[in-house]
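> Before anything else, here's the structure in question.
There are 2 protein chains.
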Amino acid sequence: MTTQQLTAQIIKKKSFLCIGLDVDLNKIPEHLLQTEDPIFEFNKAIIDATHHLCVAYKPNTAFYEAYGLKGWKALEKTINYLNTNHPDIFTIADAKRGDIGNTSTMYAKAFFEDLAFDSVTVAPYMGKDSVEPFLAFKDKHTIMLALTSNQGAFDFQTKTVEGKELYKHVLETSKSWENSENLMYVVGATKAEYFTDIRKISPNSFLLVPGVGAQGGNLQDVCKYGISDNVGLLINSSRGIIYASNNNDFAEAAAAKAKELQQQMEVILNSK
Amino acid sequence: MTTQQLTAQIIKKKSFLCIGLDVDLNKIPEHLLQTEDPIFEFNKAIIDATHHLCVAYKPNTAFYEAYGLKGWKALEKTINYLNTNHPDIFTIADAKRGDIGNTSTMYAKAFFEDLAFDSVTVAPYMGKDSVEPFLAFKDKHTIMLALTSNQGAFDFQTKTVEGKELYKHVLETSKSWENSENLMYVVGATKAEYFTDIRKISPNSFLLVPGVGAQGGNLQDVCKYGISDNVGLLINSSRGIIYASNNNDFAEAAAAKAKELQQQMEVILNSK
């Protein structure tokens, strides 16, 4: 999927919502635990109830790896279900990978070829040659951590390097990498005021924004400073949507929460 | 395994060699491709031929994830084979993970509980609360990236932050984290002269050192500057050992290469 197609989906659905599929077996309705593949059944129900309200789904690989082979199988089934039934939806493997060149190529194959995700999140610490192998997949997108939504973001990301914060240095440096047009960035919603500076460096890149909802970020503030000509935002909510209820009505409750966010987004898009 | 037990193994085996199990199906002997699980069969043959010459094995998860479910299954079989047959060998999941707190906990469960590795590598970019969930597993070890062996290390890791290089800032900062006694660090062999400064910050931490062999690092130089009272080094070689031959004699060839390194290490340990 190209970024133009992604923007077209956003306009069509009046939504730039991404739903995080972070399935914790301790938090899902008990009756699902009796099924053969509770993780996939949970995801399928959430997707069936919410696909018209969002433009992207983002399974975080940690929640699948924690369940070993069964988890990996559920991840495969989830992405296959999305690609088969909702090919217009943008898919993100939230994996935060990054390694030396030949190893990053293997990760890129895992997520872009074997699992056929549209995009994967990567970490910048190992620099250019750890990210370029992902960028080499020209019909895919690489979403690099810039400024994350957790408290630990202040440990290193906001420290001053060569006169600017490290996350800005990361953003600027990455612009010179080969196929950098395939880059998007993770920018946490908990620091909305930072979006002004980020848009100076990267006016139109898509930004994946976690931290709305459970982590306390505010949608209106993020959009005020972060929205671009092509919208350029994917606002993620995970726990706030998928665990809206842990009873039999979990999917309907998730849809209601997603609808709330979609309607706020519609207002923002209409006033743009 | 405690670090004291690891040092005891090093003294006993006269080796601080770690062998990287980075299995690429394009590089292994053709006859193995006919078996049901070529990745595991390759690893088993390498382990059987080299276990007396090394103190650690390090599968890089990228090489397993690239093969999907089959790859994850091969990783499970490999770690089970090691834990069953060679419980004295230190095992490293080279995964370079890192995410917000509740997600890092899921990764820690994946590698420490589900797969039962002794240690896992993590990336520092997201700071304290992305690493502490790993450190909370008190009988396990968390190996954090400090200075990596690739060219991209110079993009961010060696930039100056608050008067010192970022990798030194990462090392120093991590010393204050909860359960930091469970930390080890990745330090690339290609920059042996940096070990002097690193040992000033972290005199006795174990350092996992990639970059000897295929990436051009020199064993003697690393030991000259990096060896500590408790040895404190795990020198990793992956491609240089496991792909020493791609014929039927691949395991013997790997053992011969491992033996070469072990003998150099024996000389170093004897002169210590």
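Sequence order for the protein chains is Z and D.
Under my numbering, the first residue of the first sequence is numbered 77, with each subsequent residue one higher.
Under my numbering, the first residue of the second sequence is numbered 77, with each subsequent residue one higher.
From the three backbone atoms N, C-alpha and C, an ideal C-beta is built for every residue, glycine too.
#1: Do L337(Z) and L97(Z) have their C-beta atoms within less than 8 Å of each other?
#2: Since N258(Z) and L211(Z) should fall inside the 8 Å C-beta cutoff, what is the C-beta to C-beta distance between them, to a whole number of angstroms?
#3: Hey, does T179(D) have any beta-carbon neighbour from chain Z nearer than 8 Å?
#4: Buried or exposed for K103(D), please, with buried defined as at least 16 other CB atoms from any protein chain shown within 10 angstroms of its CB.
#5: Can you list the residues of chain Z that M260(D) reaches, using a CB-CB cut of under 8 Å?
#6: Evaluate T160(D) with the Cβ neighbour count: other Cβ atoms within 10 Å of its Cβ, from every protein chain shown; 16 or more gives buried, anything less gives exposed.
#7: Take every Cβ of the region 125-143 of chain D, pair it with every Cβ of the region 161-180 of chain D, and state whether three or more of those distances are shorter than 8 Å.
#8: Would the region 246-255 of chain Z count as touching the region 194-208 of chain Z if we require 3 or more Cβ pairs under 8 Å?
#9: Measuring alpha carbon to alpha carbon, tell me which of F193(Z), I219(Z), Y270(Z), E248(Z) ends up nearest A229(Z).
#10: For the region 142-150 of chain Z against the region 78-89 of chain D, are there 3 or more C-beta pairs whose distance is under 8 Å?
#11: Determine the direct distance from the alpha carbon of K300(D) to that of D175(D), and round the result to whole angstroms.
#12: When you compare the CB of S206(D) with every CB in chain Z, is at least one pair closer than 8 Å?
#13: Please name the residue in I155(D), N178(D), E328(D) whose C-alpha comes closest to that of F188(D).
#14: With contact counted as at least three CB pairs below 8 Å, one residue from each stretch, are the region 277-296 of chain D and the region 306-316 of chain D in contact?
#15: Given V246(Z), which residues of its chain have a CB within under 7 Å of its CB, disregarding the five upstream and five downstream residues?
#16: Closest to T111(D) by C-alpha separation, out of A84(D), S225(D), P209(D), A150(D), would be which residue?
#17: Would you say N159(Z) faces chain D, with C-beta separation under 8 Å as the test?
#18: Does N346(Z) come out as helix, strand or coil in the three-state DSSP assignment?
#19: Could you spell out where the beta strand (DSSP E) holding E151(Z) opens and where it closes?
#20: Would the beta-carbon of I317(D) fall within 8 Å of that of I115(D)?
#21: Would you please verify whether the beta carbon of G174(Z) is less than 8 Å from any beta carbon of chain D?
#22: In this structure, does DSSP put N178(Z) in helix, strand or coil?
#23: For A184(D), I'd like the list of residues in its chain whose CB is within less than 7 Å of its CB, leaving aside the five on either flank, ordered along the chain.
#24: Output, in chain order, the set of chain D residues within a Cβ distance shorter than 9 Å of M202(Z).
#25: Could you tell me if D231(Z) is buried or exposed, where buried requires 16 or more neighbouring beta carbons within 10 angstroms of its beta carbon?
#26: Excluding the 5 residues flanking R173(Z) on each side, which residues of the same chain have their C-beta closer than 6 Å to its C-beta?
According to the structure data:
#1: no
#2: 5 Å
#3: yes
#4: exposed
#5: Residues of chain Z passing the Cβ test: none, with the nearest at roughly 16 Å.
#6: exposed
#7: yes
#8: yes
#9: Y270(Z)
#10: no
#11: 35 Å
#12: yes
#13: I155(D)
#14: yes
#15: P200, A222
#16: A150(D)
#17: no
#18: helix
#19: The sequence as given places Leu at residue 151(Z); Glu does not occur at that position. Not the beta strand (DSSP E): L151(Z) falls in the alpha helix (DSSP H), residues 144-161.
#20: no
#21: yes
#22: helix
#23: P209, F210, F213
#24: K172, A199, L221, T224, N226, G228, A229, D231, F232, Q233
#25: buried
#26: Y183, V198
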